[in-house]
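Colleague: Structure below; questions to follow.
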Ligand SMILES: Cc1cc2nc3c(=O)[nH]c(=O)nc-3n(C[C@H](O)[C@H](O)[C@H](O)COP(=O)(O)O)c2cc1C
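Here it is as structure tokens:
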């Protein structure tokens, strides 16, 4: 088990475009008895409803969505580059079919009962504030539906308050 320190959010220097878009992140949700994780490269961090928040976009078909919908908390985790293949794995296999943590060489750990991968180097613990299904009618750019949702596997946007950042 690694030792994480609480990290003041004001000191966080991260470029969301590279950190999320290029290096990717892992969303983990569930409980001590069962949790699941998946890779994301779409999403962001910001401020909403007077809270520091993350927002992520998860398609209907993802097993992780079931855990996000059921629970109140989730984590968003970042890794050093040696874990890029592990993130690739978690983005290409479903926890429906296997123990993905084990297969990817990751270890579930818990803080305030919120699951996160022990191998991460920065973890944002989040409290779900909103789950917003993205519907075709809301796309003002009408090319989006065909470009990204031909199969109707729509995204839900989850907004989570960052209740704690932990780094090691
Ligand atoms: C680099 C990368 C980024 C991804 N980003 C997202 C994303 O932002 N939202 C999403 O729904 N799926 C995304 N995926 C796909 C899921 O991670 C993938 O379908 C995963 O196997 C779902 O696992 P699960 O069924 O165990 O939840 C991404 C995959 C990769 C490889």
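Numbering (our numbering), first residue to last: 216 to 383. Cβ atoms here follow ideal geometry from the backbone N, Cα and C, with glycine treated the same way.
Quick check: does the Cβ of residue 315 come within less than 8 Å of any heavy atom belonging to ligand 1?
Modeller: Yes, Cβ of residue 315 sits closer than 8 Å to a heavy atom of ligand 1.
Colleague: Reducing DSSP to helix, strand and coil, say where residue 223 ends up.
Modeller: Of the three classes helix, strand and coil, the one that applies to residue 223 here is coil, per DSSP.
Colleague: Is any heavy atom of ligand 1 found at a distance shorter than 8 Å from the C-beta of residue 271?
Modeller: Residue 271: yes, Cβ under 8 Å from ligand 1.
Colleague: Counting C-beta neighbours from all protein chains within 10 Å, is the total for residue 264 16 or more, i.e. buried, or is it exposed?
Modeller: Looking at its Cβ environment, which holds fewer than 16 other Cβ atoms inside 10 Å, residue 264 is exposed.
Colleague: In the DSSP assignment, the alpha helix (DSSP H) including residue 292 goes from what residue to what residue?
Modeller: No alpha helix (DSSP H) holds residue 292; the beta strand (DSSP E) holding it covers 288 to 293.
Colleague: Based on the DSSP output, what are the partners of residue 251 in its beta bridges?
Modeller: Partner(s): 244.
Colleague: Is the region 278 to 296 in contact with the region 321 to 341, if contact means three or more CB pairs nearer than 8 Å?
Modeller: Result yes; three or more Cβ-Cβ pairs closer than 8 Å.
Colleague: To which residues of the same chain is residue 371 closer than 6 Å at the C-beta, ignoring the five residues directly before and after it?
Modeller: Closer than 6 Å at the Cβ level, and outside the excluded window around residue 371, lie 273, 346, 348.
Colleague: For residue 311, does the count of other Cβ atoms within 10 angstroms reach 16, so buried, or fall short, so exposed?
Modeller: When all chains shown are included, residue 311 counts as exposed.
Colleague: Helix, strand or coil, according to DSSP, for residue 351 in the structure here?
Modeller: Correct three-state label for residue 351: helix.
Colleague: Are there three or more Cβ pairs, one per stretch, closer than 8 Å when the region 290 to 298 is compared with the region 232 to 243?
Modeller: They touch, by the three-pair rule.
Colleague: Is it the case that the Cβ atoms of residue 253 and residue 305 are separated by a distance below 9 Å?
Modeller: Contact: yes.
Colleague: Taking DSSP as the reference, what is the three-state secondary structure of residue 302?
Modeller: Residue state, collapsed to three classes: helix.
Colleague: Would you decide whether residue 334 is buried or exposed? Buried here means 16 or more other CB atoms lie within 10 Å of its CB.
Modeller: Residue 334 should be labelled buried.
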